[in-house]
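Structure first, then comments.
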Amino acid sequence: MELAFYLSGLAAVLATLGVIANPNPVHGVLYLVVSLLAVALVFFTLGAPFAGALEIIVYAGAIMVLFVFVVMMLNLGQAAAEQERLWLQPRTWIGPSLLAAVLLLTLISLLWRDDIQRVIEGGELTAKGAGTLLYGPWLLLVELGALLLLAALVTASHVGRTVPVAAPKPAARDMPTGDADQPQPPQQPARGESSSPAGKEVL
Amino acid sequence: MNGVPMEHGLVLAATLFALGLCGLMFRRNMIFVLMSLEIMLNAAGLAFIVAGTGWQQPQGQVMFLLVITLAAAEASVGLALLIQLYHRFKTLNIDVASRMRG
Numbered sequence: 000m001e002l003a004f005y006l007s008g009l010a011a012v013l014a015t016l017g018v019i020a021n022p023n024p025v026h027g028v029l030y031l032v033v034s035l036l037a038v039a040l041v042f043f044t045l046g047a048p049f050a051g052a053l054e055i056i057v058y059a060g061a062i063m064v065l066f067v068f069v070v071m072m073l074n075l076g077q078a079a080a081e082q083e084r085l086w087l088q089p090r091t092w093i094g095p096s097l098l099a100a101v102l103l104l105t106l107i108s109l110l111w112r113d114d115i116q117r118v119i120e121g122g123e124l125t126a127k128g129a130g131t132l133l134y135g136p137w138l139l140l141v142e143l144g145a146l147l148l149l150a151a152l153v154t155a156s157h158v159g160r161t162v163p164v165a166a167p168k169p170a171a172r173d174m175p176t177g178d179a180d181q182p183q184p185p186q187q188p189a190r191g192e193s194s195s196p197a198g199k200e201v202l
Numbered sequence: 000m001n002g003v004p005m006e007h008g009l010v011l012a013a014t015l016f017a018l019g020l021c022g023l024m025f026r027r028n029m030i031f032v033l034m035s036l037e038i039m040l041n042a043a044g045l046a047f048i049v050a051g052t053g054w055q056q057p058q059g060q061v062m063f064l065l066v067i068t069l070a071a072a073e074a075s076v077g078l079a080l081l082i083q084l085y086h087r088f089k090t091l092n093i094d095v096a097s098r099m100r101g
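Chains as they are written, first to last, in numbering that gives the first Met the number 0: chain A, 0 to 202; chain B, 0 to 101.
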């Protein structure tokens, strides 16, 4: 059981590294699915099979399929991967990585300093305990979850609608160039024969 | 050796959280930003489960249920925003949406 815990933890960390360092969105989503399955295996080895099953069904099954659908719908091709590869220069990721490493080392040293002295033996925690707690004294949490999901449903269906809106023009320095230092060449305004009927841009 | 020390589970959760934070800071594609947020929420849920199994109490699993609900709501709203960003700007670079109007 311990070996399974350490192996699946290692797989989770490696797959998460694959997510954050991958230029291709589809590969990133698939690495994230592997990471979530490894975390579900960690739950099983710790003795929480209900949480592991929920992780597989809801996270890896529903949320990640939503991500895959969106990536398929946007039809990002090789050009997007090339753009990502241009953005992933070492001078981009070294600073954030150092900051996150400092935070992680602080957290780990704090965890090691005070002894928790507790060993997870792997006793089963079934869904029964969670259910009686959830529908007994913690009923407010069910209401909160329902309210949250309803708000998310309304927000997603309001934000996700596609009505024709005139897009605000982004500033030249915000346009995707791949290299932030190099200024974008200004667009040549087509003077004279700008008689196209779609004068204002309708998306 | 019998059983996993609780520190190891918490260190795993902290490592996953730090990796997600790192990705959140240096990626510019909105899909990867949303995926990093999912990683961080998942690491928080892992910490809840580790604590719940360490003390043999079911409260950890109940909080994990709430974390999963939050992640589902966040993913749906975030993906709707992503689709709007792509419709308006034809790119997924979140830097193009850094200006406010009005």
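Built from N, CA and C at the ideal position, the CB exists for glycine as well.
Beta carbon proximity, A:Gly122 to chain B, threshold 8 Å: Closer than 8 Å to the CB of A:Gly122 there is at least one CB belonging to chain B.
Residue-level contact to chain A via CB, B:Met39, 8 Å cutoff: No, because no Cβ of chain A sits closer than 8 Å to the Cβ of B:Met39.
Below-8 Å beta-carbon distance, A:Leu133 vs any chain B residue: Yes, A:Leu133 counts as interfacial toward chain B.
Same chain only: Cβ atoms within 6 Å of A:Ala179, ignoring 5 sequence neighbours per side: Confidence at A:Ala179 is low in this model, with a pLDDT of 48, below 50, so its placement is unreliable and the value that follows should be read with caution. Counting only Cβ-Cβ distances below 6 Å, and skipping sequence neighbours, we find nothing.
Beta carbon proximity, A:Ser108 to chain B, threshold 8 Å: No, no contact with chain B.
Sheet register partners of B:Asn1 (DSSP bridge): DSSP output for B:Asn1 lists no bridge partner at all.
Of the residues B:Val76, B:Val3, B:His7, B:Gly19, the one placed nearest A:Leu102, counting alpha carbons only: Closest in alpha carbon position to A:Leu102, among B:Val76, B:Val3, B:His7, B:Gly19, is B:Gly19.
Range of the contiguous alpha helix (DSSP H) that encloses A:Trp92: From DSSP, the alpha helix (DSSP H) with A:Trp92 extends over 89-112.
Chain-ordered neighbours of B:Leu84 on chain A, where CB pairs are closer than 9 Å: Against B:Leu84, chain A offers no close residue; the least beta-carbon distance is about 10 Å (beta-carbon pairs closer than 9 Å).
Cβ pair count under 8 Å reaching 3, the stretch 19-36 of chain A against the stretch 66-75 of chain A: With a cut-off of 8 Å, the stretch 66-75 of chain A and the stretch 19-36 of chain A count as touching, because enough Cβ pairs lie within range.
Same chain, Cβ closer than 7 Å to A:Leu140, neighbours up to 5 away in sequence not counted: Setting aside the 5 residues that flank it on each side, A:Leu140 is surrounded in the same chain by Leu133, each with a C-beta closer than 7 Å to its C-beta; the list follows chain order.
Neighbour flag for B:Ile67 against chain A, beta carbons, 8 Å: At a cut-off of 8 Å between beta carbons, B:Ile67 contacts chain A.
Under 8 Å from the C-beta of A:Ala129: neighbouring residues of chain B: Under the 8 Å cutoff, chain B gives Pro57, Gln60, Val61, Leu64.
Interface partners of A:Phe43 on chain B, CB under 7 Å: Ordered by position in chain B, no residue passes the 7 Å Cβ test against A:Phe43, which lies about 11 Å from the chain.
Simplified DSSP state of A:Ile119, which is helix, strand or coil: Strand.
Contacting residues, own chain, Cβ-Cβ under 6 Å from A:Ala39 (five flanking each side not counted): Closer than 6 Å at Cβ, skipping near neighbours: Gly51, Glu54, Ile55.
Burial state of A:Trp86, where buried means 16 or more other Cβ atoms lie within 10 Å: Under a 10 Å Cβ-count criterion, A:Trp86 is classified as buried, with 16 or more other Cβ atoms of the shown protein chains found around its own Cβ.
Alpha helix (DSSP H) runs wholly inside the stretch 6-73 of chain A, at least 4 long, in chain order: Whole alpha helix (DSSP H) segments, 4+ residues: 24-45, 48-53, 63-73.
Contact belief for B:Ile48 with A:Val18 at Cβ below 8 Å, rounded distance in angstroms: Not quite, the Cβ-Cβ distance comes to about 21 Å (not below 8 Å), so this is no contact.
Neighbourhood of B:Ser35 by C-beta, 6 Å cutoff - its chain only, sequence neighbours within 5 removed: Leaving aside the five residues that flank B:Ser35 on each side, the residues in its chain whose CB is nearer than 6 Å to its CB run, in chain order, Gly19, Gly22, Leu23.
Contact set between B:Leu81 and chain A, taken where Cβ atoms lie within less than 9 Å: Those are Val69, Leu73, listed as they occur along chain A.
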